[in-house]
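**Student:**
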Amino acid sequence: MVYNRGMKFVELTEAEFEKRHLMGENFLQSVEMYRRYKAMGRETYLVGVKDDRGEIVAKGLISGRNWRLGKKLFRVPGGWLMDYDGKNWGEVLEFLTKKTLTFCREKGGIVIEIAPNVTSQPRDGKNQVISGKNYLDVKAKLVELGYKYLGEYEQPKWEYYLEIEGKTPEELFKDFRNGHKWEIRRAERDGVRVRELGLDELTILKKITAESGERHGFHEPEVEYYRSMKKFFGEKVQFVVAEIPAEKLKADGIEVEKGLEYVPLAASMFLSDGREMIYLYSGSVRALQRYGGAHLIQWKMMQEAIKSGCKVYNFYGTRPVEGNGVYRFKQGFRGHVEELLGTFALPVGWLGRIYVGRLKTREFSEIE
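Following the numbering used here, the numbering of the sequence shown begins with 1 at its first residue and continues without gaps.
1) Do the region 298 to 314 and the region 138 to 157 meet, that is, are 3 or more Cβ pairs less than 8 Å apart?
2) Report buried or exposed for residue 260, applying the criterion of at least 16 other Cβ atoms within 10 angstroms of its Cβ.
3) So, are the CB atoms of residue 117 and residue 26 less than 8 Å apart?
4) Using the Cβ count rule (16 or more neighbours within 10 Å means buried), how would you classify residue 367?
5) Residue 160: which of 346, 104 and 314 sits nearest, CA to CA?
6) Three or more C-beta pairs under 8 Å: does that hold for the region 120 to 134 against the region 338 to 345?
7) Using only the alpha-carbon positions, how far apart do residue 78 and residue 188 sit?
8) If you follow the beta strand (DSSP E) that residue 401 is in, where does it begin and where does it stop?
9) Report the three-state DSSP secondary structure of residue 195 (helix, strand or coil).
10) Quick test of your reading: residue 226 and residue 277, contact by CB under 8 Å. State the CB separation rounded to the nearest angstrom.
11) Is the beta carbon of residue 281 less than 8 Å from the beta carbon of residue 347?
12) Measure the Cβ-Cβ separation of residue 199 and residue 359 and say whether it is below 8 Å.
13) Could you tell me whether the region 57 to 72 touches the region 26 to 40, where touching means 3 or more Cβ pairs closer than 8 Å?
14) In chain order, what residues of the same chain lie with their CB nearer than 7 Å to the CB of residue 295, ignoring the 5 residues before and after it?
15) For residue 139, name the three-state secondary structure that DSSP assigns.
16) Please name the residue or residues paired with residue 46 in a DSSP beta bridge.
17) Using a Cβ distance threshold of 8 Å, determine whether the region 103 to 116 contacts the region 65 to 80, with at least three qualifying pairs required.
18) What three-state label does DSSP hand residue 360 in the structure shown?
19) To the nearest angstrom, how far is the alpha carbon of residue 248 from that of residue 142?
20) Run through the DSSP bridge pairs and tell me what residue 336 is partnered with.
21) What residue range does the alpha helix (DSSP H) around residue 228 cover?
22) So, at 7 Å on beta carbons, what are the nonlocal neighbours of residue 132 in its own chain, with the 5 sequence-adjacent residues on each side left out?
23) Looking at the strands, I want to know which residues DSSP matches up with residue 343.
24) My understanding is that residue 82 touches residue 47, with C-beta atoms under 8 Å, so please give their C-beta distance in whole angstroms.
25) Take residue 202 as the anchor and find which of 162, 190 and 266 has the nearest alpha-carbon.
26) Classify residue 335: buried if its beta carbon has 16 or more other beta carbons within 10 angstroms, exposed otherwise.
27) By the three-class DSSP mapping on this structure, what secondary structure does residue 260 have?
28) Going by C-alpha to C-alpha distance, which of 210, 235 and 50 sits closest to residue 92?
29) Measure the beta-carbon distance from residue 99 to residue 345 and round it to whole angstroms, keeping in mind my assumption that it falls under 8 Å.
30) So what does DSSP say about residue 22, is it helix, strand or coil?
31) What did DSSP end up calling residue 306 once you bin it into helix, strand or coil?
32) Closest to residue 262 by CA distance: which of 279, 97, 288 and 76 is it?
33) Would you kindly work out how many angstroms separate the C-alpha atoms of residue 80 and residue 256, rounded to a whole number?
34) With distances taken Cα to Cα, identify the nearest neighbour of residue 35 among 234, 177 and 195.
35) From the DSSP output, which residues share a beta bridge with residue 72?
Shown next, in the form of structure tokens:
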């Protein structure tokens, strides 16, 4: 490859990074996340490639964390962002890779992990590969450039999407699985309400996600994570809870803590960046699941996403295998699986080659 097109690798200002929109945009690659990392004391940079006209043609938020021997591990969560449909995308990616290697080597890095927010190949609601634009050539190019494919790593490779652009709430609801419709209508009849949690109520979310995390085998964040995300993303982040009147539970013979008017059924964290509403963390009280709190939360937030102009309702990470309860729950809203490219690791120097060589490639079917 000949680098003679006037491309330059530069550090970007927050204004530059935020102004130039590129393919794969997501909340992990945002100025808000950059500020959050900086406030946490994490080594973080905004970098990009400019063409001979000074236009940004690729960019990425790079975050580092200390390893051993004074070395660091660098990540580009949700990136690189660039026009993977462009005529010279391969040249831009190669130039970006070459320059980032030098950049991270100079800062003591031994690896650069990336997880581009780009679809590998399109799939339908039953997780079957269908015809359409795919980006398997990007995966091949990354491997050619020296990145090791890791598959399902620290970031989800499989997400569940529901296209909502141009649809009314009624049109969405009509397509839901019948069982989901019944759960939502029953929750409404039983007086279940969905409301936003204040920062002083986040222990409700933490308690419920901790229970679900233990049940489903995922690690839920600490309350401080929720507070931090709210601080830097502001109104883009919402914490909601579905609650049922205590009197309804008592009428059903369920014992309720004295003094409570409403009892939490389920709680969730959402983030909306204008393009998509993202369902990040959630949980439900197992003993009270039959009251449909989790279903009603989804329905209420979908309506809000449509109202705010989002194009996609993103259920985020999933494991698309039959028998997985979380996957089946998301399937009931009649969306489809998005298979992203996955995570890749680029070694920096000889120590990086040893480190990356020990990393194992995993797919969802191999994860316990």
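Beta carbons are placed, not taken as given, at the ideal position from N, Cα and C, and that holds for glycine.
**Tutor:** In short, the structure shows the following:
1) no
2) Classification for residue 260: exposed.
3) yes
4) Residue placement at residue 367 is poorly supported in this model, since its pLDDT is 42, which falls under 50; the coordinates are not used for a value here.
5) 314
6) yes
7) 37 Å
8) Outside the shown range of the chain, which is 1 to 368, sits residue 401, and nothing can be said about it.
9) In the structure shown, the three-state DSSP call for residue 195 is strand.
10) Actually they do not touch by this definition, with Cβ atoms about 17 Å apart.
11) no
12) no
13) yes
14) 180, 183, 184 and 187
15) In this structure, residue 139 counts as helix in the three-state DSSP scheme.
16) 61
17) yes
18) coil
19) 56 Å
20) The secondary-structure analysis by DSSP pairs residue 336 across a beta bridge with 161.
21) 223 to 233
22) For residue 132, where only same-chain residues beyond five positions count, the Cβ hits under 7 Å are 122.
23) 151
24) Contact between residue 82 and residue 47 is absent: CB atoms are separated by about 12 Å, not below the 8 Å threshold.
25) 266
26) buried
27) coil
28) Ranking 210, 235 and 50 by Cα distance to residue 92 puts 50 first.
29) Their Cβ separation, rounded to whole angstroms, is 18 Å, which puts residue 99 and residue 345 out of contact at 8 Å.
30) coil
31) helix
32) 288
33) Rounded to the nearest whole angstrom, the C-alpha separation of residue 80 and residue 256 is 50 Å.
34) 234
35) Answer is 66 and 109, bridged to residue 72.
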